């Protein structure tokens, strides 16, 4: 079962302007929004749970990533240069 990301919270003071500035990721479970950190979503993806975002009618899945020991998530490569995860509304 794939879970749809419905919102994100970003750190406006972050050194990054990409998906690494995300503090929480919200997704719907049984009609209510649950929020987890990117590291928690990273671990869920590695355990087999799928997450995706919908942007302009297209579904793009999230993938686990790690840089310099920091776990985060990003969307898989697709045909847009915009970051679909960062295009989600604020939680």
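In our numbering, the protein residues as written are 5 to 95. Note that CB positions come from ideal geometry on N, CA and C, so glycine has one too. For clarity, every value in this text was computed on a predicted model and none was experimentally measured.
Checking the DSSP bridge columns, you'll see residue 6 partnered with 54.
Closest in C-alpha terms to residue 95, from the list 5, 32, 7 and 70, comes 32. Counting along the chain, the unbroken beta strand (DSSP E) around residue 66 starts and ends at 62-71.
Looking at the DSSP output, residue 92 shares a beta bridge with no other residue. Counting the other CB atoms within 10 Å of its CB gives residue 88 a total of 16 or more, which places it among the buried residues. Residue 55 and residue 64 have their C-alpha atoms roughly 9 Å apart.
Annotation for residue 7: 31 and 55 place their beta carbon closer than 6 Å to its own, counting only its chain and skipping 5 residues before and after.
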